[in-house]
Amino acid sequence: MNENKIAQFRNAHKRDKPLVLLNIWNVASANELTKKKINLIPTGSYAMSDHYGYQDGENMPFDEILCYIQHMDTGNNYITADIESGYAENLTDLEKNTEALINSGVIGINIEDRKSNTETLYSTEEQSERLLCIKQKLNFMKKDLFINVRTDKYFIGDIANNNQDEQVLNQTIARIKAYEKTGIDGIFVPGLKNKEHIKKITGETSLPINIMLDVKEDSVAEYLNIGISRISFGPSIYMLYNEHENSDLDTFYTSLLAEIVQHEKQNLIELFKIK
Numbered sequence: 000m001n002e003n004k005i006a007q008f009r010n011a012h013k014r015d016k017p018l019v020l021l022n023i024w025n026v027a028s029a030n031e032l033t034k035k036k037i038n039l040i041p042t043g044s045y046a047m048s049d050h051y052g053y054q055d056g057e058n059m060p061f062d063e064i065l066c067y068i069q070h071m072d073t074g075n076n077y078i079t080a081d082i083e084s085g086y087a088e089n090l091t092d093l094e095k096n097t098e099a100l101i102n103s104g105v106i107g108i109n110i111e112d113r114k115s116n117t118e119t120l121y122s123t124e125e126q127s128e129r130l131l132c133i134k135q136k137l138n139f140m141k142k143d144l145f146i147n148v149r150t151d152k153y154f155i156g157d158i159a160n161n162n163q164d165e166q167v168l169n170q171t172i173a174r175i176k177a178y179e180k181t182g183i184d185g186i187f188v189p190g191l192k193n194k195e196h197i198k199k200i201t202g203e204t205s206l207p208i209n210i211m212l213d214v215k216e217d218s219v220a221e222y223l224n225i226g227i228s229r230i231s232f233g234p235s236i237y238m239l240y241n242e243h244e245n246s247d248l249d250t251f252y253t254s255l256l257a258e259i260v261q262h263e264k265q266n267l268i269e270l271f272k273i274k
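Per numbering that gives the first Met the number 0: the sequence shown ends with 274, consecutive numbering throughout.
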């Protein structure tokens with residue numbers, strides 16, 4: 000059953016009609032999305048950690064994340080889990096976590112190439128070895144999983160300067176090409192906003208490219224038709240909700256979705272709504 004869901008999810012990544020993911024921060028926000036007939040549920044590490052009382056950076060226990068996920072209706076929903084750097088100090092731990100994620104019922108993961116709680120990235124060789132470890136474990140289990148690999152060259156240091164830096168662009172492309180060889184499914188480049196850089200990156204890979212926008216400051220419409228296959232909002236939806244202390248989730252999501260749904264009605268984006 001899950002294999003069919005994962006195949007459907009994988010096929011939904013289209014450059015002319017990007018997926019828009021509305022990142023959740025707790026079980027209640029996940030369930031509210033389902034009530035709004037959206038059953039693509041992306042967790043976000045910062046938002047979930049902050050909501051449940053932890054600092055971001057793999058401080059929220061991995062088992063606790065899995066516990067919350069299992070209360071998000073994994074049978075009907077399409078849940079992608081943000082696992083930061085993998086919650087693993089070695090490949091053996093990464094294998095164990097991969098198995099636990101499969102058993103939890105998620106259909107996808109985000110895993111980053113930044114070492115947890117540092118400003119340092121894994122080398123391309125180290126990260127590729129980690130990605131191959133995940134793939135090999137999936138093959139051994141005869142299971143599938145959409146692996147979205149986050150690369151953080153744009154997200155470390157001065158993000159505005161990074162978006163004007165050709166070296167950052169070239170280093171990101173080099174990382175993407177290395178990760179692509181491991182058989183992963185998508186690339187997530189948080190911090191990337193330069194549309195010319197986006198076009199160059201999407202022109203250098205067949206993998207779907209995911210960017211992160213701020214729900215308050217950025218317009219989804221500005222990032223259509225430039226090669227993006229997936230747009231997420233990171234913790235900005237959670238932060239926006241916290242600014243509206245008196246809003247219940249129903250009111251909040253009704254307001255949030257008003258503009259986004261218009262793009263869907265025009266067949267410009269995919270929200271994974273329950274038909």
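No residue lacks a Cβ here, since even glycine has one placed at the ideal position from N, Cα and C.
- Beta bridge pairing from DSSP links Asn147 with Asn109 and Gly185.
- Distance from the Cα of Ile208 is smallest, within the candidate group Met140, Glu57 and Ile186, for Ile186.
- Per the Cβ contact rule, the stretch 179-199 is in contact with the stretch 118-132 (3 or more Cβ pairs under 8 Å).
- Cβ atoms of Met140 and Glu98 come within 8 Å of each other, at about 7 Å.
- From the listed residues Leu256, Gly56 and Tyr51, the smallest Cα separation to Cys66 is found for Tyr51.
- Here Phe145 has Ile5, Phe8, Arg9, Thr79, Ile106, Gly107, Ile108, Asp184 and Gly185 as same chain residues with Cβ atoms under 8 Å from its own Cβ, once five neighbours each way along the sequence are excluded.
- Runs of the alpha helix (DSSP H) lying entirely within the stretch 168-237, each at least 4 residues long, are 194-202 in chain order.
- Beta-bridge analysis with DSSP links Asp157 to no other residue.
- When the five nearest sequence neighbours on each side are left out, the beta carbons in the same chain lying within less than 7 Å of the beta carbon of Leu239 are those of Val214 and Lys215, in order along the chain.
- Comparing alpha-carbon positions, the option among Leu270, Glu244 and Asp247 lying closest to Leu256 turns out to be Leu270.
- As DSSP reads the structure, Thr79 sits in a beta bridge with Pro41 and Gly107.
- A distance below 8 Å between beta-carbons, with the five flanking residues on each side excluded, links Leu137 to the following residues of its chain, in chain order: Thr97, Ile101, Asp143 and Leu144.
- Rounded to the nearest angstrom, the Cβ distance from Gly104 to Leu93 is 19 Å, too far for a contact under 8 Å.
- Contact annotation: Asn76 and Asn38 have beta-carbon atoms nearer than 8 Å.
- In the three-state reduction of the DSSP assignment, Leu130 falls in the helix class.
- A residue is called buried when at least 16 other Cβ atoms come within 10 angstroms of its Cβ; Gly226 meets this threshold and is buried.
- The three-state secondary structure of Glu63, taken from DSSP, is helix.
- Between the alpha carbons of Leu223 and Glu63 lies a gap of roughly 36 Å.
- For the 8 Å CB-CB criterion, Thr171 and Lys152 form a contact.
- Beta-bridge partners of Lys4 (DSSP): none assigned.
- Judged by their CB atoms, Leu267 and Lys36 are not nearer to each other than the 8 Å cut-off.
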